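Okay, so here's the structure we're looking at.
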Amino acid sequence: GDSVTQMEGPVTLSEEAFLTINCTYTATGYPSLFWYVQYPGEGLQLLLKATKADDKGSNKGFEATYRKETTSFHLEKGSVQVSDSAVYFCALPMNRDDKIIFGKGTRLHILP
Amino acid sequence: EPEVTQTPSHQVTQMGQEVILRCVPISNHLYFYWYRQILGQKVEFLVSFYNNEISEKSEIFDDQFSVERPDGSNFTLKIRSTKLEDSAMYFCASSLRTAYNSPLHFGNGTRLTVT
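Chains as they are written, first to last, in the numbering used here: chain A, 1 to 112; chain B, 113 to 227.
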């Protein structure tokens, strides 16, 4: 069945380091793909999305490219900040089901 | 920017009691959802709601759970007889179109503690 797998955390980096959080998916059809972020004590916020193969979603310096050939949607940022500390969730809509499913989440700690 | 609002932010209840969690979705959205998150871990789908009926529900959403849109603005989740394992963060979400084509907008959640 459809699923999404993302790298386990926590991930700890120093400020200004390069970030990659891996996400791969299994899906029927060609759904949109999403990254959501959850800051401490808050709900989930949409970070970025891509609607078709080779699309690149971007927001707040984060990017992710929808790669059909590798079924991946890895999240990257060139220079992280302390304020990026949060939990990041890769998400996939289910084909013909009215819901999205989330990966297990990756907790990111950025040290000053 | 319009947002989804949830009340209360924290609810404490005794096992066996009924609770109602309330949500006001974004006003022009047509699809509504409840998710839960236990101890900051995986976000689990509970139910989706469209056109005044449930469109999808998970195995978690058993007979103890129900949802309602009693008027044009509120969307509620009721748990009839709470169990200890119902303790979690419950998130309401809404979207303009079906989840396949449109991102979900989440509220800040209600923390439910069952004692």
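C-beta atoms are modelled at their ideal positions from N, C-alpha and C, and glycine is treated no differently.
Note that the structure is a prediction, hence the values are computed from the model and not measured.
- If you draw a 10 Å sphere on the C-beta of Q126 (chain B), you find fewer than 16 other C-beta atoms in it, and that means exposed.
- In this structure, the beta-carbon distance from S199 (chain B) to T222 (chain B) does not fall below 7 angstroms.
- By the Cβ test, the region 56-67 of chain A is in contact with the region 31-40 of chain A, since at least three Cβ pairs between them sit closer than 8 angstroms.
- The three-state secondary structure of L196 (chain B), taken from DSSP, is helix.
- The Cβ atoms of R134 (chain B) and T194 (chain B) lie no closer than 7 angstroms to each other.
- Nearest in C-alpha terms to V179 (chain B), of all of B:V124, B:S207, B:L158, is B:L158.
- Using a 10 angstroms sphere on the CB of A53 (chain A), the tally of other CB atoms stays under 16, which defines it as exposed.
- Of the residues assessed, H122 (chain B) falls on the exposed side of the cut-off, its CB having fewer than 16 other CB atoms within 10 angstroms.
- Just so you know, the alpha carbons of Q176 (chain B) and G128 (chain B) end up roughly 11 angstroms apart.
- Judged by their CB atoms, V87 (chain A) and I110 (chain A) are not nearer to each other than the 7 angstroms cut-off.
- Residues of chain A whose Cβ lies closer than 7 angstroms to the Cβ of K154 (chain B) are, in chain order, F102, K104, G105.
- According to DSSP, P215 (chain B) shares a beta bridge with no other residue.
- By the Cβ-count criterion, I191 (chain B) is buried, with 16 or more other Cβ atoms from all chains shown falling within 10 Å of its own Cβ.
- Selection B:E156, B:Y143, B:T227, B:E113 evaluated against S170 (chain B) yields B:E156 as nearest (Cα-Cα).
- Residues of the region 160-181 of chain B whose Cβ lies closer than 7 angstroms to any Cβ of chain A, in chain order: S160, Y162, S167, E168.
- The DSSP-derived three-state label of S83 (chain A) is helix.
- The beta carbon of T194 (chain B) sits no closer than 7 angstroms to any beta carbon of chain A.
- Restricting attention to A:G41, A:Q45, A:S14, A:G78, the CA atom closest to the CA of A91 (chain A) is found in A:Q45.
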